[in-house]
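Here's the structure, in structure tokens; my notes come after.
2 protein chains.
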Amino acid sequence: MKNGTLTFVGLGLYDEKDISLKGLEAVRNCDKVFAEFYTAKLSGTDFRKLETIFNKKILILSREDVEKGDKIIKCATTESVALLVAGDPMMATTHIDLRLRAIDKGIDTLLIHGSSIITAVAGLLGLQIYKFGRTTSLAFPEKNYFPTSPYDVIKENKTNGLHTLILLDIKQDKELYMNANMAIRLLLEIENIRNENIITKETIICVVGRAGSLKPVVASDTIEELKKRDFGPPLHSLVIPGQLHFLEIEALEKLAGLPSDIGKKLQKL
Amino acid sequence: MKNGTLTFVGLGLYDEKDISLKGLEAVRNCDKVFAEFYTAKLSGTDFRKLETIFNKKILILSREDVEKGDKIIKCATTESVALLVAGDPMMATTHIDLRLRAIDKGIDTLLIHGSSIITAVAGLLGLQIYKFGRTTSLAFPEKNYFPTSPYDVIKENKTNGLHTLILLDIKQDKELYMNANMAIRLLLEIENIRNENIITKETIICVVGRAGSLKPVVASDTIEELKKRDFGPPLHSLVIPGQLHFLEIEALEKLAGLPSDIGKKLQKL
Numbered sequence: 000m001k002n003g004t005l006t007f008v009g010l011g012l013y014d015e016k017d018i019s020l021k022g023l024e025a026v027r028n029c030d031k032v033f034a035e036f037y038t039a040k041l042s043g044t045d046f047r048k049l050e051t052i053f054n055k056k057i058l059i060l061s062r063e064d065v066e067k068g069d070k071i072i073k074c075a076t077t078e079s080v081a082l083l084v085a086g087d088p089m090m091a092t093t094h095i096d097l098r099l100r101a102i103d104k105g106i107d108t109l110l111i112h113g114s115s116i117i118t119a120v121a122g123l124l125g126l127q128i129y130k131f132g133r134t135t136s137l138a139f140p141e142k143n144y145f146p147t148s149p150y151d152v153i154k155e156n157k158t159n160g161l162h163t164l165i166l167l168d169i170k171q172d173k174e175l176y177m178n179a180n181m182a183i184r185l186l187l188e189i190e191n192i193r194n195e196n197i198i199t200k201e202t203i204i205c206v207v208g209r210a211g212s213l214k215p216v217v218a219s220d221t222i223e224e225l226k227k228r229d230f231g232p233p234l235h236s237l238v239i240p241g242q243l244h245f246l247e248i249e250a251l252e253k254l255a256g257l258p259s260d261i262g263k264k265l266q267k268l
Numbered sequence: 000m001k002n003g004t005l006t007f008v009g010l011g012l013y014d015e016k017d018i019s020l021k022g023l024e025a026v027r028n029c030d031k032v033f034a035e036f037y038t039a040k041l042s043g044t045d046f047r048k049l050e051t052i053f054n055k056k057i058l059i060l061s062r063e064d065v066e067k068g069d070k071i072i073k074c075a076t077t078e079s080v081a082l083l084v085a086g087d088p089m090m091a092t093t094h095i096d097l098r099l100r101a102i103d104k105g106i107d108t109l110l111i112h113g114s115s116i117i118t119a120v121a122g123l124l125g126l127q128i129y130k131f132g133r134t135t136s137l138a139f140p141e142k143n144y145f146p147t148s149p150y151d152v153i154k155e156n157k158t159n160g161l162h163t164l165i166l167l168d169i170k171q172d173k174e175l176y177m178n179a180n181m182a183i184r185l186l187l188e189i190e191n192i193r194n195e196n197i198i199t200k201e202t203i204i205c206v207v208g209r210a211g212s213l214k215p216v217v218a219s220d221t222i223e224e225l226k227k228r229d230f231g232p233p234l235h236s237l238v239i240p241g242q243l244h245f246l247e248i249e250a251l252e253k254l255a256g257l258p259s260d261i262g263k264k265l266q267k268l
């Protein structure tokens, strides 16, 4: 019986053309292709276009399938299996968990990397990657569940002069993608609860939409100004900047439309 | 006279197969291709292999060419120009600066993203991306120049329980790539100067080498153990972990060979 392999292939940011040549080759050469789109998704394509590019059938895994893992691990015991994920693999704990369980079964595992929202947002805004503190994410509030932890991360980063990348929740099964406007509303609601003056109407915020596409939207202004603007289809991400270097201010003006009077004020801080 | 364009194309992590299909298409369709490899490089390939894949001649820019920018901007005024960079573009300030000056000249600019060391290292080690603080980099010390700022970043992150990714310097013109061993020696030297007990022989450290290749090296142990180990050819990166989640400890044991007695001790913290 031949030994199986499990290769996690990052599809990158946006559509079927964001996979690397190495990833494409791995998928075309494997015995079976699985994909999961509940931890992250490609908003510019669908699995049929991916099937066309790979010339292979893709088996879409549910959240339960990935978390239980037995279906994919069973296959990978004797066959070469690719698991497609949006972005760079291993950004979700469930991927790490799946990889460790595959290793426990003696399966060889491999990662093929893809472009990630973590660096893309910084690049699109012209903000320096070295000035980002920890990343946080905003979840859809549910009955009895309204996590305010992103507030603590933003506060901690601001205290250290650092930018905060805020990733926005998706609920793939319900086709719900949190947009920038809802995220801004949630941040203001958390401010109302916590009342520590971290997020106000005057706070400068940055929005990136459809990173990885040929026409991403990139905006920066006060929360007051951006909260009602329409940023188009998902996915959206936010950044709350910390202390800005003068080149970063210039970048926000030229790339993201930060009004020059605000830029001038920031230059003097 | 037709308007020019400047597209920054991320080549991803390691070799000529880490570019995305979108990047490949953009390069094949443009009038002129430039590349710069002084801010970062692909250790698994060379520009001739890239030329073969693109079926195009690549003009390599020196550091001065990129910083001055006039050569590439002049071309991009009337032609469609691609600038190839390792990793994800815009991680170097000089790229941001070049993009802003191109915009000043009325040139349309575009980013095509690539896989980045920032997320790849976390993924390869099985560490959670949300638990990384700011990234830092270690420079080759020079006469009258021995920056100790990475120490402050590690200290700040440790205080907040966060992991620190440490990128290691390259001097492309001299073909010098800092390896993990030299980086560990430098960190211990900085500890000797600062004496705040942040980095000791017992400190747990993680090494990743050749991220993006099919056989990356991934190791985790005390500084004492790893400082003499040979991690093979460049590029190398380090992580100094903060507070570790139990799944992260399991990942370091199974993926990076962290000794189980150390893992057990960490599980009790």
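Protein sequences appear in the order of chains A and B.
Numbering that gives the first Met the number 0 numbers the first residue of the first sequence as 0 and each following residue consecutively.
Numbering that gives the first Met the number 0 numbers the first residue of the second sequence as 0 and each following residue consecutively.
In this text, a Cβ means the ideal position worked out from N, Cα and C, and glycines have one as well.
Excluding the five sequence neighbours on either side, which residues of its own chain have a C-beta within less than 6 angstroms of the C-beta of residue i, listed in chain order?
i                      : result
residue 36 of chain B  : 171
residue 74 of chain B  : 31, 80
residue 227 of chain A : none
Measure the CB-CB distance between residue i and residue j and report whether it falls below 8 angstroms.
i                      : j                      : result
residue 27 of chain B  : residue 56 of chain B  : no
residue 86 of chain B  : residue 43 of chain B  : no
residue 197 of chain B : residue 261 of chain B : no
residue 124 of chain A : residue 210 of chain A : no
residue 11 of chain A  : residue 88 of chain A  : no
residue 15 of chain B  : residue 52 of chain B  : yes
residue 135 of chain B : residue 128 of chain B : no
residue 206 of chain A : residue 187 of chain A : no
residue 174 of chain A : residue 200 of chain A : no
residue 34 of chain A  : residue 83 of chain A  : yes
residue 243 of chain B : residue 265 of chain B : yes
Using CA coordinates, which residue listed in the options is at the minimum distance from residue i?
i                      : options                    : result
residue 5 of chain B   : B/15, B/226, B/106         : B/106
residue 221 of chain B : B/257, B/154, B/126, B/263 : B/257
residue 149 of chain B : B/110, B/164, B/143, B/84  : B/164
residue 280 of chain B : B/214, B/154, B/130, B/65  : With chain B running from 0 to 268 in the structure shown, residue 280 of chain B is simply not present.
residue 189 of chain A : A/154, A/20, A/240         : A/154
residue 250 of chain B : B/219, B/239, B/235, B/228 : B/219
residue 195 of chain A : A/157, A/215, A/180        : A/157
residue 212 of chain A : A/225, A/226, A/231        : A/231
residue 247 of chain A : B/159, B/93, B/17, B/143   : B/93
residue 95 of chain A  : A/47, A/38, A/145          : A/38
residue 229 of chain B : B/239, B/180, B/268        : B/180
For residue i, list the residues DSSP reports as bridge partners.
i                      : result
residue 93 of chain B  : None, per the DSSP bridge assignment.
residue 218 of chain B : B/206
residue 83 of chain B  : B/8, B/34
residue 163 of chain B : B/239
residue 199 of chain A : According to DSSP, residue 199 of chain A bridges with nothing at all.
residue 141 of chain A : A/144
Taking Cβ-Cβ distances shorter than 7 angstroms, what residues in chain B pair up with residue i?
i                      : result
residue 177 of chain A : In chain order: nothing, as chain B lies at least about 17 angstroms away.
residue 127 of chain A : 92
residue 17 of chain A  : 19, 21
To which residues of the same chain is residue i closer than 7 angstroms at the C-beta, ignoring the five residues directly before and after it?
i                      : result
residue 273 of chain B : Summary: the structure shown does not reach residue 273 of chain B, with chain B confined to residues 0 through 268, and so no result is reported for it.
residue 137 of chain A : 149, 165, 167, 168, 177, 182, 185
residue 76 of chain B  : 3, 104, 106
residue 29 of chain A  : 6, 79, 80, 81
residue 152 of chain B : 133, 135, 163
residue 116 of chain A : 12, 86, 166, 210, 236
residue 252 of chain B : 259, 262
residue 131 of chain A : 121, 161, 162, 164
residue 215 of chain B : 123, 207, 208, 209
residue 17 of chain B  : 10, 11, 113, 114, 211
residue 48 of chain B  : 15
residue 46 of chain B  : 34, 57, 59
Using a Cβ cut-off of 7 angstroms, pull out every chain A residue sitting near residue i, in sequence order please.
i                      : result
residue 119 of chain B : 87, 112
residue 27 of chain B  : Within chain A, no residue comes near residue 27 of chain B; the closest Cβ sits about 12 angstroms away, beyond 7 angstroms.
residue 250 of chain B : 95, 99
residue 159 of chain B : 155
residue 137 of chain B : The contacting residues do not exist; residue 137 of chain B stays about 12 angstroms from chain A at best.
residue 246 of chain B : 92, 95, 96
So which residues on chain A does residue i lean against when the C-beta distance must stay under 8 angstroms?
i                      : result
residue 131 of chain B : 133, 134
residue 24 of chain B  : 16
Quick one: list the residues of chain A neighbouring residue i, beta-carbon separation under 9 angstroms, in chain order.
i                      : result
residue 104 of chain B : Those do not exist, as residue 104 of chain B stays about 12 angstroms from chain A at its closest Cβ, beyond 9 angstroms.
Would you mind telling me which residues of chain B sit closer than 9 angstroms to residue i, beta carbon to beta carbon, in chain order?
i                      : result
residue 67 of chain A  : Per Cβ cutoff of 9 angstroms: no residues; residue 67 of chain A is ~16 angstroms from chain B at best.
residue 301 of chain A : Residue 301 of chain A lies beyond the range of chain A shown here (0 to 268); nothing can be said about it.
Just to confirm my understanding: we take residue i, look at its own chain, exclude 5 residues before and 5 after, and list those with CB closer than 8 angstroms. What are they?
i                      : result
residue 111 of chain B : 6, 7, 8, 9, 19, 21, 22, 25, 88
residue 193 of chain A : 147, 150
residue 72 of chain B  : 5, 97, 100, 101, 104, 106
residue 50 of chain B  : 56, 57
residue 241 of chain B : 130, 132, 156, 157, 159, 160, 161, 162, 163
Name the chain E residues that come within less than 9 angstroms of residue i, Cβ to Cβ?
i                     : result
residue 48 of chain A : Absent from the structure is chain E; the protein chains it does hold are A and B.
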